[in-house]
Amino acid sequence: MPRAQRTLWDNIFLVVKGLCMGAANKVPGVSGGIVAFVGGFYEEFIYSLQKINGKAVKLLFNGRFKSFFQYTNAKFLGLLITGMLISYFSVSKILDYFLVTHELYVWAAFFGMILGSIYYIAKDFGHWTTPNTIAGIIGLIIGISISFLNPAKENDNLWFIFLCGMISVSGMTLPGLSGSFILILIGNYVLLLVDSVNALYDTFAEVFRGDFSFMENKERLHTLKILAVFTTGSAAGLVSLSHFLTYLLKHFKHRTTAVIIGFITGSLGVVWPWKHTLYKTDANGQELLASNGDKIIANYERYFPALYHSETWIAFLYIVVGIGILLGLEWYGNQRKKHA
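Here is the structure:
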């Protein structure tokens, strides 16, 4: 639930948490929702999104801005979103670099962090009744199944793009479900998170220089239209899904938590460190490139590591570091509660 008062440091850490959510959402296989869950602000995040409803719109249009601000917990959401936006142009770019240069170790660290998050969520969950256990197993099966699906072909139909927006935002609200990975599976990762974003960046750069020639560029305008529809779908998905999750958390909290634990455990298959990245190719076997020159990810081919390789043991070390980061966050959270 929304907190009555936050200190300056609380607000700064909210921006940092937004940074972490933004970086997690960008990486295929990692869920920003896990950050919210482990960071201890998942329920407040969901409940705050749920407040963006008809009453909020009425307050806004009636000019009751202070009431709107308080009702929607806008400061909390604003700080988180600020962190996510900063992340997209900073932390996520650094992450992209390390995924290219040290892919195995990045995935190993994420694998460890997710292992740590499973421990964090499950250690105090003492409600493993038969129905909750079945719910957890269902979540596990769904998570594993998603890990091994084959990707579809790209589709720029605007109704489908809107649906992609609603689906992709799930990574922010459902711990363990990666919106980026889902976009890879439905074939639109490059179109929506690479080409469209690049088109927007290029457009802003041109407008800043006083160049409005993009208005005559039909391909650019079409790509910007796709981005606008995708963004609208994401906003609609974020709000509608939050209402659904609020209902589940209020009426089936333990069962929902059990599903989330199972789902996150199943998602370990997506972030398994030892895998080869498979890229899309044309009919001649040539690797296809996105508009920014990057190779287009098609899927991953997983394998078991050779224990005699030194990099395997270094990767294990990064897994331990990832677990340590989550345990450190838990310790820090407990210390803050003691001194609150």
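Counting in the working numbering, the sequence shown runs from 1 upward without gaps.
Here a beta-carbon is modelled for each residue, glycine too, at the ideal position from N, C-alpha and C.
All of these numbers come straight from a predicted model, not from anything done at the bench.
Per DSSP, the bridge partner or partners of residue i
i	result
R302	K275
Residue i, DSSP secondary structure in three states
i	result
T72	coil
T101	helix
T281	strand
E219	helix
E287	strand
Q5	coil
K225	helix
W331	helix
W159	helix
H127	coil
K45	Correcting the residue type first, residue 45 is Phe in the shown sequence and not Lys. Reduced to three states, the DSSP call for F45 is helix.
R255	helix
V321	helix
S170	helix
S90	coil
L307	coil
G40	coil
L183	helix
S31	coil
I144	helix
K250	helix
L149	coil
L52	The sequence given here places Ile at residue 52; Leu does not occur at that position. Three-state result, I52: coil.
F263	helix
D202	helix
F208	helix
N188	coil
S178	coil
V57	helix
Cβ shell of residue i (< 8 angstroms), same chain only, five flanking positions each side left out
i	result
M1	Bear in mind that a pLDDT of 47 at M1, under 50, signals an unreliable position, so the number given afterwards is only what the model happens to contain. Same-chain partners within the cutoff: E43, E44 and Y47.
F204	none
V321	A109 and G112
L95	A23, K26, V27 and V106
L140	G262, F263, T265 and G266
N53	V239 and H243
I226	D156, L158, I161, L191, L192 and S196
F212	E206
L149	L185
Residue i classed as buried or exposed, judged by whether at least 16 other C-beta atoms fall within 10 angstroms
i	result
Y97	exposed
N188	buried
M215	exposed
D195	buried
P273	buried
G63	exposed
L307	exposed
V341	Look at the range of the chain in this structure, 1 to 340, and you will see that residue 341 is not part of it.
N284	exposed
I182	buried
G143	buried
Y300	buried
D5	Residue identity check: residue 5 is Gln in the sequence provided, not Asp. Exposed, because fewer than 16 other Cβ atoms sit within 10 Å of the Cβ of Q5.
S145	exposed
T7	exposed
Sequence-distant residues of its chain with Cβ nearer than 7 angstroms to residue i (five each side left out)
i	result
L59	S67, F68 and Y71
D282	L288
V38	S117, Y120, L326 and L329
Other residues of its chain near residue i: CB distance less than 6 angstroms, five sequence neighbours each side excluded
i	result
C20	V35
A99	Before going further, note that residue 99 is Leu rather than Ala in the sequence given. Excluding sequence neighbours, L99 sits near V106.
R342	The chain is shown only over 1 to 340; residue 342 falls outside these bounds and no answer can be derived.
I167	I182
G32	M21, A24, N25, G171 and M172
K17	G39
Any chain C beta carbon closer than 9 angstroms to residue i
i	result
A205	In the displayed structure, chain C is absent; only one protein chain is listed.
Below 8 angstroms, how does it come out for the segment 265 to 278 and the segment 234 to 254: are there three or more Cβ pairs, yes or no? no
Could you tell me whether the segment 272 to 289 touches the segment 77 to 87, using the rule of 3 or more Cβ pairs below 8 angstroms? no
Using 8 angstroms as the Cβ pair cut-off and three pairs as the minimum, do the segment 217 to 235 and the segment 160 to 173 touch? yes
Segment contact, 8 angstroms Cβ cut-off, at least three pairs: the segment 150 to 167 with the segment 104 to 119: no
Determine, using beta-carbon pairs with one atom in the segment 253 to 265 and one in the segment 132 to 141, whether at least three such pairs fall under 8 angstroms. yes
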